[in-house]
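Data first, discussion second: the structure below is written as structure tokens.
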Amino acid sequence: MKISTKGRYALQLMLDIALQPSNRPVALKDVSKRQNISFKYLEQIMPALTGAGLIRSIRGPKGGYYINKDLDAITVGDILRLTEGSLAPVDQVDSDLHTIPSDSLDTIDIMVWQKLYKAICDVVDHVTIQDLVDQERSNGGEYYI
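Encoded structure:
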């Protein structure tokens, strides 16, 4: 499984905003400069995050973005599913860890893909934005996604 730049940049965007002082909105152009990500690309990612209620926008000359939920309530999995869709490694494994019958996959393959999907979910659904913030701060200001 490979996470696209959209998913990685969405995580970087969320972490960048989470690291800023919460008493003022964060301008997208500032995130773009700090993260060295195209402003236009960030503009394409933002609707998914605001639409899901993870980020709130403030309009106007002193406007910008705030995290709209508790950082402990937002997981990496939440963000990746918004930007990537299903995290299942193959189409025959759905989001409920059940399989869709397929003549092309045998029982062993299905069992492997189910276990892989469960392992992916166990990681991304148990790492929160707060965890990333804490890790970044303990690294002295450097983080990698």
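Be aware that the sequence shown starts at 11, since it is given in the numbering used here, and climbs by one per residue. Here a beta-carbon is modelled for each residue, glycine too, at the ideal position from N, C-alpha and C. Being a predicted model, the structure only gives us computed values, none of them experimental.
Taking DSSP as the reference, what is the three-state secondary structure of residue i?
| i | result |
| --- | --- |
| R147 | helix |
| V103 | strand |
| I68 | strand |
| Y153 | In this predicted model, Y153 has a pLDDT of only 49, less than 50, meaning its place in the structure is not dependable; the value taken from the coordinates is given anyway. Y153: coil per DSSP, three-state reduction. |
| I27 | helix |
| I77 | strand |
| V137 | coil |
| A62 | coil |
| A20 | helix |
| L142 | helix |
| P57 | helix |
| L97 | coil |
The alpha helix (DSSP H) with residue i in it runs from where to where?
| i | result |
| --- | --- |
| I130 | 117-134 |
| G87 | 86-94 |
| I13 | Here I13 belongs to no alpha helix (DSSP H), and DSSP marks it neither H nor E. |
| D40 | 38-45 |
Between residue i and residue j, which are expected to be in contact by the criterion C-beta below 8 Å, what is the C-beta distance as a whole number of angstroms?
| i | j | result |
| --- | --- | --- |
| M56 | I65 | 7 Å |
| P35 | Y75 | 6 Å |
| T93 | D135 | In fact, because the Cβ distance is near 15 Å, the residues do not count as touching under 8 Å. |
| A28 | V143 | 5 Å |
Check your understanding: Contact between the segment 83-92 and the segment 67-74: three or more CB pairs below 8 Å?
Key -> Short answer: they don't touch.
Review point. Does the segment 39-52 touch the segment 116-125, meaning 3 or more C-beta pairs lie closer than 8 Å?
Key: With the cut-off at 8 Å, the segment 116-125 and the segment 39-52 do not touch.
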